[in-house]
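Each residue of the sequence shown is one higher than the last, beginning at 7 in the working numbering.
The beta carbon of each residue, even a glycine, is placed where N, CA and C say it ideally should be.
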Amino acid sequence: MKGKEFREALEPLTEELVGMARWARTTGARIVVLFEGRDTAGKGGAIRAVRDKLNPRQCRTVALSKPTDEEQTQWYFQRYIAHLPCAGEIVLFDRSWYNRAGVEDVMGYANKAQVAAFLEQAPVFEKMLTDDGILLFKYWLTTDQERQEERLAERLEDPLKRWKLSPVDLAAREKYDEYTRAREAMLRATHTDNAPWTLVDFNDQKRGRLTLIRDLLDRLPDTHVEPPEIDFPKLSSAPKAESYGVIQPITDFPDSD
């Protein structure tokens with residue numbers, strides 16, 4: 007999908023997302039969206055497309071680093087609980103507790119007993135969330151290995167994206183089938199009626215973002231809430247220019263010519 011076509015299709019969806027956020031603030035809804043998938047699938051771009059025009063104080067992105075020594079002694083879900091939303095908030099998890107069923111399983115960071123315990127506990131944990139009224143959406147972004155290789159090579163060549171290329175990404179290149187096996191085991195154990203998974207094709211990332219956002223909006227209740235009326239009278243005098251006493255602004259950025 008071309009950039010112009012994507013932006014034109016995204017604009018009305020963005021307006022609906024803003025309306026969704028207004029609805030959440032008005033009703034006190036708590037919304038959690040998990041973005042999972044292989045490296046380079048497009049999780050970051052999808053999250054940016056969702057949150058771009060939303061109030062960052064209301065819509066938070068959670069992207070946790072590897073657990074500390076102290077966190078490794080906690081109940082596995084414990085550090086994620088602190089990031090769950092309060093009334094009116096939207097939380098977008100850039101990877102989530104499902105790290106244990108994915109990268110930790112495939113790369114050997116968790117043993118078989120830990121992975122098995124996670125797959126048993128995750129549906130129970132998520133039922134507690136949804137029973138308490140949290141609206142939970144779980145998305146897995148799919149991508150073929152050929153597209154994954156193209157994107158990894160792009161990260162290697164682009165100095166603005168090189169930071170995204172981690173040793174784990176490189177080690178995972180030869181484990182495409184292992185990640186498929188881990189995903190399928192995860193889906194069998196955690197695709198439940200109260201917290202189902204949704205797979206979205208992200209071989210075309212722009213189209214994938216549109217597909218994901220449309221699905222998210224369609225699965226929410228009627229979110230129409232009229233925006234509040236705001237009185238915006240004319241100024242009592244002509245608009246004033248800035249004035250400076252203590253210090254002056256720095257020199258403007260030069261013209262390109």
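Measure the beta-carbon distance from residue i to residue j and round it to whole angstroms, keeping in mind my assumption that it falls under 8 Å.
| i | j | result |
| --- | --- | --- |
| A116 | R101 | The pair is not a contact, with the Cβ atoms about 14 Å apart (cut-off 8 Å). |
| A52 | F41 | 6 Å |
| D150 | D45 | At roughly 13 Å, the Cβ-Cβ gap does not stay under 8 Å, so D150 and D45 are not in contact. |
| L216 | A15 | 5 Å |
| R85 | E77 | 5 Å |
| G114 | R36 | With a Cβ gap of about 35 Å, G114 and R36 do not count as contacting. |
| F208 | G43 | 7 Å |
| Y185 | A178 | 7 Å |
| D58 | T20 | 7 Å |
| L90 | V56 | No, L90 and V56 are not in contact; Cβ-Cβ is about 18 Å, not under 8 Å. |
| K167 | E156 | That belief does not hold up - the Cβ atoms of K167 and E156 are roughly 12 Å apart, past 8 Å. |
| R194 | W146 | No, R194 and W146 are not in contact; Cβ-Cβ is about 13 Å, not under 8 Å. |
Which of the three DSSP states is assigned to residue i in this structure?
| i | result |
| --- | --- |
| F208 | coil |
| L222 | helix |
| K118 | helix |
| I140 | coil |
| Y250 | coil |
| L193 | helix |
| E106 | The sequence given here has Arg at residue 106, not Glu. Coil. |
| I256 | coil |
| I96 | strand |
| V231 | coil |
| M113 | coil |
| I87 | helix |
| Q80 | coil |
| L16 | helix |
| K170 | helix |
| G34 | coil |
| K8 | coil |
| R101 | coil |
| D75 | coil |
| T198 | coil |
| D183 | helix |
| A244 | coil |
| L60 | coil |
| P129 | helix |
| F124 | helix |
I need the boundaries of the beta strand (DSSP E) containing residue i, first residue and last residue.
| i | result |
| --- | --- |
| G43 | 37-43 |
| V68 | 65-68 |
Can the beta-carbon of residue i be found closer than 7 Å to that of residue j?
| i | j | result |
| --- | --- | --- |
| L223 | V206 | no |
| G48 | Q154 | no |
| A27 | L70 | no |
| W181 | V112 | Before going further, note that residue 181 is Lys rather than Trp in the sequence given. In contact: K181 and V112 (Cβ atoms closer than 7 Å). |
| A128 | T204 | no |
| G94 | G34 | yes |
| V39 | F124 | no |
| V68 | V109 | no |
| T257 | N200 | no |
| F83 | F131 | yes |
| R213 | M7 | yes |
Mind checking who residue i pairs with in its DSSP beta bridge?
| i | result |
| --- | --- |
| L147 | G43, V206 |
Output the boundary residues of the alpha helix (DSSP H) element that contains residue i.
| i | result |
| --- | --- |
| P173 | 173-178 |
| A55 | 49-57 |
Between residue i and the ligand NAD, is there a pair consisting of the residue's CB and a ligand heavy atom that are separated by less than 6 Å?
| i | result |
| --- | --- |
| A55 | With respect to small molecules bound, the structure shown includes none, and the ligand NAD cannot be examined in it. |
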